[in-house]
Amino acid sequence: MLFFYRINDSLAVGGPWWRFVVSRAPAWILLKSPRAFPPYHPTTKMCLRLMLQDLKEHPCQNLVDVGCGSGILALAGLKLGVQRALALDLDPRAIITSRANAELNQLESQLLLVRGSAEVVAGCYDLVLANLPMQVLKEKLPELLRISKEGGSLILSGFQDLDRPAMEKELKRLSLDARSWLSEDLVFFGDPPSGSFTWMAVLASQR
646 MLFFYRINDS LAVGGPWWRF VVSRAPAWIL LKSPRAFPPY HPTTKMCLRL MLQDLKEHPC
706 QNLVDVGCGS GILALAGLKL GVQRALALDL DPRAIITSRA NAELNQLESQ LLLVRGSAEV
766 VAGCYDLVLA NLPMQVLKEK LPELLRISKE GGSLILSGFQ DLDRPAMEKE LKRLSLDARS
826 WLSEDLVFFG DPPSGSFTWM AVLASQR
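So that you can map any letter, position 76 of the sequence shown is 721 in the numbering used here, and since no number is skipped, the others follow by simple counting.
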C-alpha cells in the first residue's frame, strides 16, 4: 500500500514501504493487505485524532473497536499505551487482515480478535470505538453504551454532516455528552450519493 500520513508529531501510519519514515514517530503503525475498510479514509483519521485527545484527558487501560476493518484503531491504541484491545468484525476478511497487521506491528499478544459485533462482548471498556454507517451506529448505540465503563468514552464515526442532527438526538436520548466534533471532506469527481462530501466523528462520554 503506497500511503503514508501523520496524525500529529506522535503518531504516523503507512504501508510497509514506508517503514523507515513511519518508524521515526514515537508511535507508528504499519499496515498491509487492506482487504477491509481503507485505513486512510477521513473517518479513520478523525477517529485517531479523537483517540489522541481522549487518551490525554482520561486514563485508558483497555479499548474495544466494533467493526475493526484493518485493525488500525485498536493497534493505534496499543501503540499509544493502552494495555489490551478487543477488535470485532463480522467480515472474516477483516479479522484476517487485522491479525496480519497485529503481527506486522508485533502487537498480537495484546490484541484479541473476534468475529462478531458488540452483542458478543461481556465486559466493559474504558474506550469504545465504532466507525460504522449511520444507520448501523443508530442501531448499535445502546449496545456500545452497554460495553462502555461508567465514565468511559465513545468515539463514533462513519456518518456525515447531514446526519449530525440525528446523531445529536441519539446521544441526548442515551444521556451521552458530546465532548468534541470533527469534520473532514472527501472530494471526488461527480456528485456523492448522499449529497454531501463531509464526514464527521464525535467523542462522547457518559453524563
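Backbone N, C-alpha and C define an ideal beta-carbon position, used for all residues, glycine too.
Per DSSP, reduced to three states, the secondary structure at Gln-706 is coil, with no helix or strand assignment. Note on geometry: alpha-carbon atoms of Leu-752 and Trp-673 lie some 12 Å from one another. When DSSP states are grouped into helix, strand and coil, Ala-767 belongs to the coil group. Distance from Lys-690 to Leu-749 at the Cβ level is roughly 20 Å; contact not present, criterion being Cβ atoms closer than 8 Å. Following the DSSP letters along the chain, one finds Ser-743 inside the alpha helix (DSSP H) bounded by residues 737-749.
No residue range can be given for Leu-819, since it is assigned to no alpha helix (DSSP H) and is classified by DSSP as neither H nor E. When secondary structure is reduced to three states using DSSP, Gln-805 falls in the strand class. Of Leu-731, Gln-698, Arg-818, Asp-822, the smallest CA-CA separation from Ile-717 is found for Leu-731.
Nearest neighbour of Leu-819 by Cα position, chosen from Val-781, Arg-852, Ile-800, turns out to be Arg-852. One Cα belongs to Leu-821, the other to Tyr-650, and the distance between them is close to 31 Å. Non-local beta-carbon contacts of Phe-648 in its own chain, meaning distances under 7 Å to residues more than five positions away in sequence, involve Gly-659, Gly-660, Tyr-685 in chain order.
The Cβ-Cβ distance between Ala-763 and Arg-791 falls below 9 Å. Tyr-685 is bridged by DSSP to nothing; it lacks a bridge partner.
The C-beta of Ser-754 has fewer than 16 other C-beta atoms within 10 Å across all chains shown, which makes the residue exposed. Contact between Asp-806 and Met-845 holds, with the beta-carbon distance rounding to 6 Å and staying under 8 Å. Residue range 656-659 is occupied by the beta strand (DSSP E) that includes Gly-659.
In this structure, Val-711 and Lys-814 do not form a Cβ contact; the two beta carbons are roughly 21 Å apart against a cut-off of 8 Å.
Residues of the same chain with a CB within less than 8 Å of the CB of Lys-724, apart from the 5 flanking positions on each side, are Leu-656, Ala-672, Trp-673, Ile-674, Asn-750, Leu-752 in chain order. Distances from the alpha-carbon of Ser-798 to those of Ala-747, Asp-736, Leu-708, Asn-746 put Leu-708 closest.
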